[in-house]
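*Asks:* Residue numbers (our numbering), protein chains in the order written: chain A, 6 to 202; chain W, 73 to 215. We put the beta carbon where it would ideally sit given N, CA and C, even for glycine. All values reported here derive from a predicted model rather than from experimental measurement.
1) Give a yes or no on whether the minimum CB-CB distance between residue 94 (chain A) and chain W is below 8 angstroms.
2) Over what stretch of residues does the beta strand (DSSP E) that includes residue 212 (chain W) continue unbroken?
3) Since residue 2 (chain A) and residue 33 (chain A) are thought to touch, with beta carbons under 8 angstroms apart, how far apart are those beta carbons, to the nearest angstrom?
4) What are the residues in the segment 76 to 100 of chain A lying within 8 angstroms of chain W by C-beta distance?
5) What's the call for residue 86 (chain W), buried or exposed, on a 16-neighbour Cβ count within 10 Å?
6) What would DSSP say about residue 137 (chain A), mapped onto helix, strand or coil?
7) Assign residue 172 (chain A) to one of two classes, buried (16 or more other C-beta atoms within 10 Å of its C-beta) or exposed (fewer than that).
8) Less than 6 angstroms between C-beta atoms, sequence neighbours within five positions excluded: which residues of the same chain meet that for residue 144 (chain W)?
9) So residue 185 (chain W) packs on residue 160 (chain W), CB below 8 angstroms; how close in whole Å?
10) Use the C-beta contact count for residue 201 (chain W): other C-beta atoms within 10 angstroms, 16 or more gives buried, fewer gives exposed.
11) Answer yes or no: does any C-beta atom of chain A fall closer than 8 angstroms to that of residue 80 (chain W)?
12) Taking just the CA atoms, how far does residue 74 (chain W) sit from residue 100 (chain W)?
13) Are any of the Cβ atoms in chain A nearer than 8 angstroms to that of residue 197 (chain W)?
14) Using a Cβ-Cβ cutoff of 8 angstroms, what residues of the segment 178 to 192 of chain W are near chain A? List them in chain order.
15) Work out the CA separation of residue 178 (chain A) and residue 185 (chain A) for me, nearest whole Å.
16) Would you check if there are 3 or more beta carbon pairs closer than 8 angstroms linking the segment 43 to 57 of chain A to the segment 65 to 81 of chain A?
17) Helix, strand or coil for residue 180 (chain W), going by three-state DSSP, please let me know.
18) At least one CB of chain A closer than 8 angstroms to the CB of residue 92 (chain W): is that the case?
19) Residues of the segment 60 to 73 of chain A in Cβ contact with chain D at a cutoff of 8 angstroms, in chain order, please.
20) Identify which residue in A:122, A:108, A:17 and A:146 has its Cα closest to the Cα of residue 162 (chain A).
21) Quick one: give me the first and last residue of the beta strand (DSSP E) that residue 76 (chain W) is part of.
22) Compare the beta carbon distance of residue 80 (chain W) and residue 130 (chain W) with 8 angstroms and say whether it is the shorter of the two.
23) Per DSSP, what kind of secondary structure is residue 133 (chain W) in: helix, strand or coil?
24) Residue 77 (chain W) and residue 108 (chain W): beta carbons closer than 8 angstroms?
25) Quick check on residue 158 (chain W): does DSSP put it in helix, strand or coil?
26) I'd like to check one pair, residue 104 (chain W) with residue 127 (chain W): are the Cβ atoms closer than 8 angstroms?
27) State yes or no: is the beta carbon of residue 146 (chain W) nearer than 8 angstroms to at least one beta carbon in chain A?
28) Please report whether the beta-carbon of residue 108 (chain W) lies at a distance below 8 angstroms from any beta-carbon of chain A.
29) Kindly indicate the opening and closing residues of the alpha helix (DSSP H) around residue 95 (chain W).
30) In whole angstroms, give me the CA-to-CA distance for residue 198 (chain A) and residue 111 (chain A).
31) Whose C-beta lies closer than 6 angstroms to the C-beta of residue 55 (chain A) among residues of the same chain, with five residues either side of it excluded?
32) Could you list which residues in chain A have their beta carbon closer than 8 angstroms to that of residue 86 (chain W), in chain order?
33) On a CA-only basis, which of W:94, W:117, W:165 and W:157 is nearest residue 213 (chain W)? Give me that one, please.
34) Which class does residue 188 (chain W) belong to by DSSP, given the choice of helix, strand or coil?
35) Are any of the Cβ atoms in chain W nearer than 8 angstroms to that of residue 8 (chain A)?
36) Along the chain, where does the alpha helix (DSSP H) that runs through residue 147 (chain W) open and close?
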């Protein structure tokens, strides 16, 4: 323990009385006042003052500390939200890519289906046309052999043969042209015969 | 009353809280606060080299930002490299069992949970201090 005597004692007490400057901190806990009542009162007073200052400072620092913790928690939450948003954005972009891919596939499928339908239509038209022409040709040939009036039958058969040949070449030409134009991928436009029997 | 305490913690604001709490509760006469584990190691090297007086108690934060090793490693170094007679423990906001077990193995004598209301824990610690010095007390967690 410390003992304060003589001039130092007097100077400390005067300094405090005149200018309010006093000892503070742990040193106050080490001073032995003995029977010196005035010094004892001084130590008691400045110790109390020191305690009050420390209490206030402790309260303030605790408040700031709590605020800092809150701010840190908010910053952490913001960071977490940011990460979640980035993940959601990435997922949305992936979904968009998937949709675009699916759209392309559907368009491709639709295109193939359309081409297939067109080809089937052309095929049906060609088949029906050829059947009609061949059917009429056969009928006219039979009539030629059965009936005696061959003049009409001959001209009819001749016309039929002409139409058959013309249409055949027309159909073959159209098919070849379309194949050439579509690069061998099949026929795209619907083709019909130029001449009807 | 404890003569001297060493606090190793990266948070300057907590230095003030701890110092004021210790002063108000008449726990210690002097307190030295250090910001990193590396600084604390240098401080202890100096104590050993210059034969200075060691602090009576050391409170070490678990995760000391800006240090090349954590608080538990610092406890291990102080206990095994710079040695005896120092009451040493962790002060941390965490109370993770694995970390507590690590601290115990490193030679920590106590674990104090850091929060707004540190005063009651410090008062309890003050009561137990002599038991730690004489090594009568076993490892204790102040929650």
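*Replies:* In short, the structure shows the following:
1) Here residue 94 (chain A) corresponds to residue number 89 of the first chain, with the count starting at 1. Contacts with chain W at 8 angstroms (Cβ-Cβ) do not include residue 94 (chain A).
2) Counted from its first residue, the second chain places residue 212 (chain W) at position 140. Per DSSP, residue 212 (chain W) belongs to the beta strand (DSSP E) from 212 to 214.
3) Chain A is shown only over 6 to 202; residue 2 (chain A) falls outside these bounds and no answer can be derived.
4) Residues of the segment 76 to 100 of chain A that bring their beta carbon within less than 8 angstroms of a beta carbon in chain W are absent altogether.
5) Here residue 86 (chain W) refers to the residue found at position 14 when the second chain is read from its first residue. So residue 86 (chain W) ends up on the buried side.
6) Against the first chain, residue 137 (chain A) aligns to sequence position 132. Residue state, collapsed to three classes: helix.
7) Position 167 of the first chain, counting from 1, holds the residue named residue 172 (chain A). Classification for residue 172 (chain A): buried.
8) Position 72 of the second chain holds residue 144 (chain W). By the criterion of a C-beta distance shorter than 6 angstroms, residue 144 (chain W) is surrounded in its chain by 174, 175 and 178, once the five residues flanking it on both sides are discounted.
9) By 1-based counting over the second chain, the position of residue 185 (chain W) is 113. By 1-based counting over the second chain, the position of residue 160 (chain W) is 88. That belief does not hold up - the Cβ atoms of residue 185 (chain W) and residue 160 (chain W) are roughly 17 angstroms apart, past 8 angstroms.
10) Your numbering for residue 201 (chain W) matches position 129 in the second chain. Residue environment analysis places residue 201 (chain W) among the buried positions, since at least 16 neighbouring C-beta atoms fall within 10 angstroms of its C-beta.
11) Residue mapping note: residue 80 (chain W) aligns to position 8 of the second chain, counting from 1. Chain A contact via Cβ: absent.
12) For the purposes of this step, residue 100 (chain W) is taken as residue 28 along the second chain, with counting starting at 1. For the purposes of this step, residue 74 (chain W) is taken as residue 2 along the second chain, with counting starting at 1. A straight-line Cα-Cα distance of about 5 angstroms links residue 100 (chain W) and residue 74 (chain W).
13) Here residue 197 (chain W) corresponds to residue number 125 of the second chain, with the count starting at 1. Not an interface residue.
14) Residues of the segment 178 to 192 of chain W with a C-beta less than 8 angstroms from any C-beta of chain A: 188, listed in chain order.
15) Position 180 of the first chain, counted from the first residue, corresponds to residue 185 (chain A). Position 173 of the first chain, counted from the first residue, corresponds to residue 178 (chain A). Each residue's alpha carbon lies about 11 angstroms from the other.
16) Not touching, per the Cβ criterion.
17) The residue given as residue 180 (chain W) occupies position 108 in the second chain. Residue 180 (chain W): coil per DSSP, three-state reduction.
18) As a working note, residue 92 (chain W) is residue 20 in the second chain. Taking Cβ atoms only, chain A reaches closer than 8 angstroms to residue 92 (chain W), which makes this a yes.
19) Annotation note: the requested chain D is absent from the structure, which comprises protein chains A and W.
20) Position 157 of the first chain holds residue 162 (chain A). That would be A:146, whose Cα lies nearest to the Cα of residue 162 (chain A).
21) Looking up residue 76 (chain W) in the second chain gives position 4. Taken as a continuous stretch (DSSP letters only), the beta strand (DSSP E) holding residue 76 (chain W) covers 74 to 80.
22) Translated into the one-based positions of the second chain, residue 80 (chain W) becomes position 8. Translated into the one-based positions of the second chain, residue 130 (chain W) becomes position 58. One thing to note: residue 80 (chain W) has its Cβ within 8 angstroms of the Cβ of residue 130 (chain W).
23) Taking the first residue of the second chain as 1, we reach residue 133 (chain W) at position 61. Judged by DSSP in its simplified three-state form, residue 133 (chain W) adopts strand.
24) In the second chain, the residue the question calls residue 77 (chain W) occupies position 5. In the second chain, the residue the question calls residue 108 (chain W) occupies position 36. No; because the gap between Cβ atoms is not below 8 angstroms, this pair is not in contact.
25) Residue mapping note: residue 158 (chain W) aligns to position 86 of the second chain, counting from 1. DSSP, read as helix, strand or coil, puts residue 158 (chain W) in coil.
26) In the second chain, counting from the first residue as 1, residue 127 (chain W) sits at position 55. In the second chain, counting from the first residue as 1, residue 104 (chain W) sits at position 32. At the C-beta level, residue 127 (chain W) and residue 104 (chain W) come within 8 angstroms of one another.
27) As a first step, residue 146 (chain W) is located in the second chain; it is residue number 74 there, counting from the start. No, residue 146 (chain W) does not count as interfacial toward chain A.
28) Mapped onto the second chain, residue 108 (chain W) falls at position 36. Not a single CB atom of chain A sits nearer than 8 angstroms to the CB of residue 108 (chain W).
29) Within the second chain, residue 95 (chain W) is the residue found at index 23, counting from 1. From DSSP, the alpha helix (DSSP H) with residue 95 (chain W) extends over 84 to 96.
30) Translated into the one-based positions of the first chain, residue 198 (chain A) becomes position 193. Translated into the one-based positions of the first chain, residue 111 (chain A) becomes position 106. The predicted model places residue 198 (chain A) with a pLDDT of 48, which falls under 50 and marks its position as unreliable; any figure quoted below should be read in that light. Counting only the Cα atoms, residue 111 (chain A) lies some 32 angstroms from residue 198 (chain A).
31) As a working note, residue 55 (chain A) is residue 50 in the first chain. In the same chain as residue 55 (chain A), and ignoring 5 residues on each side of it, the C-beta atoms closer than 6 angstroms to its own belong to 29, in chain order.
32) The count along the second chain starts at 1 and reaches residue 86 (chain W) at position 14. Close partners of residue 86 (chain W) in chain A (Cβ separation under 8 angstroms): 70.
33) Counting from one through the second chain, the residue named residue 213 (chain W) turns up at place 141. If we check each option's Cα against that of residue 213 (chain W), W:165 comes out closest.
34) Locating residue 188 (chain W) in the second chain gives position 116, where the first residue counts as 1. When secondary structure is reduced to three states using DSSP, residue 188 (chain W) falls in the coil class, being assigned neither helix nor strand.
35) Here residue 8 (chain A) refers to the residue found at position 3 of the first chain. Closer than 8 angstroms: no.
36) Here residue 147 (chain W) refers to the residue found at position 75 of the second chain. Judged by DSSP secondary structure, residue 147 (chain W) falls within the alpha helix (DSSP H) whose first and last residues are 143 to 149.
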